[in-house]
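Numbering (full-length UniProt numbering), first residue to last: 1 to 176. Ideal Cβ placement from N, Cα and C applies to all residues, glycine included. A short worksheet on the structure shown next.
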């Protein structure tokens with residue numbers, strides 16, 4: 001059994017990135033469980049002084065969920081040519097913990113135009129000692145299509161790309 005934790009860089013409920021993560025769950029082979037972390041908007045602003053004492057409950061929950069995951073699947077939009085602030089804040093809370101380093105990571109992208117954020121995200125994650133799996137990095141054009149997870153998973157043009165990304169992530173987990 002492989003446990004994948006998804007992290008969506010968008011706080012929007014109807015985000016294309018969130019739909020892509022949920023489509024991945026629908027496509028995943030048997031023996032793979034998904035947990036969608038939805039608490040990014042609840043995290044306090046990162047402050048190293050707070051990290052020295054008891055962690056705020058939302059931060060402790062995020063770290064525990066990362067620790068329990070075999071792999072991370074991230075889909076993040078690009079805001080003003082960068083990583084959204086709330087998502088970068090979530091990543092900052094993971095820097096000081098032991099849970100994140102070495103974790104296999106797939107980067108899914110719901111907009112091929114979001115290349116600046118993807119480059120920045122890759123730099124941040126590797127700096128944090130995350131193991132970005134290059135073969136698991138995919139990009140699909142979902143922006144402005146309004147597709148929900150089921151439609152994405154059933155789309156004959158999108159499904160093979162998602163399957164390829166998932167297969168590469170699962171292969172990285174199994175090689176550990």
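Going by beta carbons, residue 73 and residue 106 fall inside the 7 Å limit. Put simply, the backbone Cα of residue 148 is about 16 Å away from that of residue 36. Here residue 51 carries a helix assignment [DSSP, helix/strand/coil]. DSSP, reduced to helix, strand and coil, places residue 111 outside both helices and strands of the structure shown, so it counts as coil.
With contacts defined as CB atoms closer than 7 Å, residue 21 and residue 41 fail to qualify as a contacting pair. The DSSP assignment places no complete beta strand (DSSP E) segment of no fewer than 3 residues inside the segment 134–174. Between residue 24 and residue 166, the C-beta gap is smaller than 7 Å, which places the two residues in contact.
For the options 157, 34, 69 and 90, the alpha carbon positioned closest to that of residue 124 is the one of 90. Inclusion of residue 111 and residue 8 in the CB contact set at 7 Å is not warranted, their separation being larger than that value. If only complete runs of 4 or more residues are kept, the segment 69–126 shows the alpha helix (DSSP H) at 85–95, in order along the chain. Going by DSSP, residue 25 is part of the alpha helix (DSSP H) stretching over 16–27. Close CB contacts of residue 82 within its chain, under the 7 Å cut and outside five residues either way in sequence, are with 116, 117 and 120 (chain order). For residue 101, the CB contacts under 6 Å within the same chain, skipping 5 residues up- and downstream, are 129 in chain order. Counting the other Cβ atoms within 10 Å of the Cβ of residue 134 gives fewer than 16, which makes it exposed. If you ignore the 5 residues before and after residue 150, its C-beta comes within less than 7 Å of the C-beta of 26, all in its own chain and listed in chain order. Listed in chain order, the non-local C-beta contacts of residue 17 below 7 Å within the same chain comprise 8, 9, 10, 75, 76, 77 and 110, local neighbours out to five positions each way being set aside.
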